[in-house]
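Q: Heads up: the sequence shown begins at 16 in the numbering used here, then just goes up one per residue. Before I ask anything, here is the structure I am working with.
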Amino acid sequence: MDFAQLETYKENNRFEAKAAQGGLPRSVWETVSAFANTEGGVIVLGAKERKDGTLEIAGLGDADKMLDDFWNAAHSPDKLSYCVTSDRDVRIEGVDGKELIVIEVPRAGRRLRPVYVNGNPVTGTYRRDHKGDYRCAVNEIQAMYRDASDESVDTRVHENLTVADLSAETIGSYRRSYELHHSAHVWTELPDEEFLCRIGAAKVGSDGAVHPTSAGLLMFGEEWRIMAEFPHYFLDYRQELGVDERWQARITSQDDSWSGNVFDFFRRVFNNMKQAINVPFKLDENSERIDETEAHDALREAIANCLTNADYNERRGVVFLWKEDGLHFSNPGGFRVGLKDAYIGGNSDPRNETMMKMFTLINIGERAGGGIPDMVKKWTSAGYGRPVLSERVNPERSSIFLPLAIGPVGNVGNDVGNDVGNSIRDAITVLSKTEANALRIIEENPKASAQAISESLGISKRQAERTLSSLRDKSYIVREGGTRGYWVIQ
């Protein structure tokens, strides 16, 4: 990057500038914590923000001493729970005869989070959103600790339940799918209780009896029993293809006409969403029409990925939407690996590993870390735009978007809410100050017009329109209900 152009950049959710004229700022550690617990970011010391949001290079009086102060504190557990930066991440840069310190903070691995300051995770854990650094709530910290464990969260045994409390109908449906792919396997002859133990849906408890695991309860339980153990459990699918109605079809786990469990939800949603996929006329070697394309496999992967990576202890539940622009999948909990690593693949780390295994046993999903790259490849090979992964915090959610438009939709790295690169250029081109402020206004008033945003931010209406267009292109917002409608934050 050409640091001579630094003054043209503005702070955003992955870039922070601090004047640091009075020495190393105490707030730098809050930002280090925030970036480490989110998607990483860049801090520049020696630059201050002007009223219009652009930067002014002030320089540092003694950059070498400040750098020493930074490292002394960074390696102290009383200041930072874990030093996430290495020598290659922190350096002094010269611009027009002035010195700056550049700190590139990487995303911390899940086993190291939460990264907190001043020795107290409750008061010293921060994250970064488009508004800046914010102190994490207790539930966010607890979620990070859950993710830090090496034991999959869905292996917990529910000794207050028995296998008889699960849905026999759902178990039967799963076993039929299993037998289609493993017709000669010895497990097909096992009684239900032993079969469920083999696939991880049940375990022997401390009392010597067999009980469902969290994976078994979520996959095969009935909704009312699931909610007794996971009070915030909720699965929601909506087909929203027009402006005259709120939805044309809906499936929720709270509809008592079906079990409400994850496996039955998967089957119902796939049978609905697959209708969005174009199936060209094609015959196999036996002159039978081929009813599925690679896009169908990509759709299965997207659904299974969200269901097996959801944090079922968190609020707002799993939400799937079929809209005119594409298929949207969102679940509570962030990606366990960074967005960049998720696109690359090769490092499978599902939040609910046992549930993923159960899907894999019936040839749905991929445990070897190739699921997301394979999904992207198959969806685009079918002629659709490139799938987009995104991640948001406060509350933490991860999303997959399968566009129904033909052809490419942007490129990986610049089309997601939190960019996937680690360079300064990546960090400072994600969200401008004007975009962040416009998003804040939309949060407070979803019906805000371009004129209202221009008046609130003191910019021209044309600039406000460009800002809204940019937020829409970056998949931050979508428009519902036409010109008289409202904005929805993705």
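C-beta atoms are modelled at their ideal positions from N, C-alpha and C, and glycine is treated no differently.
1) Measuring straight from C-alpha to C-alpha, what distance separates D67 and E470?
2) On a Cα-Cα basis, can you pick out the residue from I457, S268, V294 that is closest to T394?
3) Around the C-beta of K80, are 16 or more other C-beta atoms found within 10 angstroms, so that it is buried, or is it exposed?
4) Have a look at Y327 and V391 and give me their C-alpha separation to the nearest angstrom.
5) Decide if the region 316 to 330 is in contact with the region 148 to 158; the criterion is three or more beta carbon pairs, one per stretch, under 8 Å apart.
6) For N276, does the three-state DSSP call read helix, strand or coil?
7) Quick one, which of Q478, R481, N320 has its alpha-carbon nearest G348's?
8) By alpha-carbon positions, which one of E450, I421, N460 ends up nearest to I486?
9) Since L417 contacts A313 with CB under 8 Å, what's their CB separation in whole angstroms?
10) Could you check where the alpha helix (DSSP H) with T53 kicks off and where it finishes?
11) Contact between the region 206 to 214 and the region 239 to 255: three or more CB pairs below 8 Å?
12) Just the C-alpha distance for G139 and L95, rounded to the nearest angstrom, thanks.
13) Looking only at C-alpha atoms, which of W86, V110, E114 sits nearest to D102?
14) Give every residue of the same chain whose Cβ lies closer than 6 Å to the Cβ of E480, excluding the five residues on either side of it in the sequence, and list them in chain order.
15) Residues in the same chain with beta-carbon distance under 7 Å from G56, minus the five sequence neighbours each way, listed in chain order, please.
16) Between which two residues does the beta strand (DSSP E) harbouring L205 extend?
17) Do you know whose CA, among L70, T177, A397, Y131, lies nearest N27's CA?
18) Among A230, L256, D270, A216, which one has its Cα closest to the Cα of W239?
19) Among E307, V503, P136, D222, which one has its Cα closest to the Cα of L176?
20) Between N426 and the rest of its own chain, which residues show a CB-CB distance below 8 Å, the 5 nearest in sequence each way excluded?
21) Going straight from the alpha carbon of E411 to that of K33, what length do you get?
22) F30 bridges to which residues according to DSSP?
23) Could you pull the start and end residues of the beta strand (DSSP E) that F344 belongs to?
24) Below 7 Å CB to CB, which residues in the same chain sit around W262 once its five sequence neighbours on both sides are set aside?
25) So what does DSSP say about Q254, is it helix, strand or coil?
26) By the three-class DSSP mapping on this structure, what secondary structure does W502 have?
27) Extract the residue ranges of the alpha helix (DSSP H) inside the region 353 to 384, only unbroken runs of 4 or more that lie entirely within it.
28) Are V153 and E45 touching if we call contact CB-CB under 9 Å?
29) Where does R143 sit, in a helix, a strand or coil, going by DSSP?
30) On the premise that V99 lies in contact with A123, defined as a C-beta separation below 8 Å, what is that separation, rounded to the nearest angstrom?
31) Could you give the uninterrupted runs of the alpha helix (DSSP H) lying entirely in the region 34 to 99, keeping only those of 4 residues or more?
32) In this structure, does DSSP put H226 in helix, strand or coil?
A: Per the coordinate set shown:
1) Locating residue 67 in the sequence shown gives position 52, where the first residue counts as 1. Locating residue 470 in the sequence shown gives position 455, where the first residue counts as 1. When rounded, the distance between both Cα atoms is 15 Å.
2) Here residue 394 refers to the residue found at position 379 when the sequence shown is read from its first residue. According to the sequence as given, residue 394 is Trp; it is not Thr. Proximity to W394 across I457, S268, V294 peaks at V294, based on C-alpha coordinates.
3) Here residue 80 corresponds to residue number 65 of the sequence shown, with the count starting at 1. Looking at its Cβ environment, which holds fewer than 16 other Cβ atoms inside 10 Å, K80 is exposed.
4) As a position in the sequence shown, residue 327 is number 312, starting the count at 1. As a position in the sequence shown, residue 391 is number 376, starting the count at 1. Rounded to whole angstroms, Y327 to V391 spans 26 Å at the Cα level.
5) Three or more pairs of CB atoms, one per stretch, sit closer than 8 Å, so the region 316 to 330 contacts the region 148 to 158.
6) Here residue 276 corresponds to residue number 261 of the sequence shown, with the count starting at 1. Of the three classes helix, strand and coil, the one that applies to N276 here is coil, per DSSP.
7) Residue 348 sits at position 333 when you count from the first residue of the sequence shown. The shortest C-alpha separation from G348 is found at N320.
8) If you number the sequence shown from 1, residue 486 lands on position 471. The sequence shown places Leu at residue 486, not Ile. That would be E450, whose Cα lies nearest to the Cα of L486.
9) The residue given as residue 417 occupies position 402 in the sequence shown. The residue given as residue 313 occupies position 298 in the sequence shown. Sure, about 7 Å apart at Cβ, within 8 Å.
10) Walking along the sequence shown from the start, residue 53 turns up at place 38. Counting along the chain, T53 falls outside any alpha helix (DSSP H), and DSSP gives it neither H nor E.
11) no
12) As a position in the sequence shown, residue 139 is number 124, starting the count at 1. As a position in the sequence shown, residue 95 is number 80, starting the count at 1. So the two alpha carbons sit approximately 9 Å from each other.
13) Position 87 of the sequence shown holds residue 102. Measuring from the Cα of D102, the nearest candidate turns out to be W86.
14) On the sequence shown, residue 480 is found 465 positions in, with the first residue counted as 1. Correct list, in chain order: A465.
15) Taking the first residue of the sequence shown as position 1, residue 56 is located at position 41. Cβ within range, chain order: R29, F30, E31, F50, V120, R143, A442.
16) Reading the sequence shown from its first residue, position 190 is the one you call residue 205. Counting along the chain, L205 falls outside any beta strand (DSSP E), and DSSP gives it neither H nor E.
17) Counting from 1 along the sequence shown, the entry for residue 27 is found at position 12. Here the closest residue by C-alpha is L70.
18) For this step, residue 239 is matched to residue 224 along the sequence shown. If we check each option's Cα against that of W239, D270 comes out closest.
19) Here the question's residue 176 lines up with position 161 in the sequence shown. For L176, the closest of E307, V503, P136, D222 by C-alpha to C-alpha distance is D222.
20) The residue given as residue 426 occupies position 411 in the sequence shown. With a pLDDT of only 41 at N426, under 50, the local geometry of the prediction cannot be trusted, and the value read off the model is given with reservation. So the qualifying residues of the chain are R401.
21) Within the sequence shown, the letter at position 396 stands for residue 411. Within the sequence shown, the letter at position 18 stands for residue 33. E411 and K33 have their C-alpha atoms roughly 27 Å apart.
22) The residue labelled residue 30 in the question sits at position 15 within the sequence shown. Note: F30 sits in a beta bridge opposite N27, V57.
23) The count along the sequence shown starts at 1 and reaches residue 344 at position 329. Unbroken beta strand (DSSP E) run through F344: 341 to 347.
24) Position 247 of the sequence shown, counted from the start, is the residue given in the question as residue 262. Cβ neighbours of W262 beyond the five flanking positions: R253, Q254, E255.
25) Numbered from 1 along the sequence shown, position 239 holds the residue referred to as residue 254. Three-state result, Q254: strand.
26) The sequence position of residue 502 within the sequence shown is 487, counting from 1. Strand, per DSSP.
27) 354 to 359, 368 to 375
28) Along the sequence shown, one-based indexing puts residue 153 at 138. Along the sequence shown, one-based indexing puts residue 45 at 30. The answer is no: Cβ separation not under 9 Å.
29) Position 128 of the sequence shown, counting from 1, holds the residue named residue 143. Correct three-state label for R143: strand.
30) Numbered from its first residue, the sequence shown carries residue 123 at position 108. Numbered from its first residue, the sequence shown carries residue 99 at position 84. Their Cβ separation, rounded to whole angstroms, is 5 Å, which keeps A123 and V99 in contact under 8 Å.
31) 42 to 51, 78 to 89, all fully within the region 34 to 99.
32) Residue numbering aside, residue 226 sits at position 211 when the sequence shown is read from its first letter. Correct three-state label for H226: strand.
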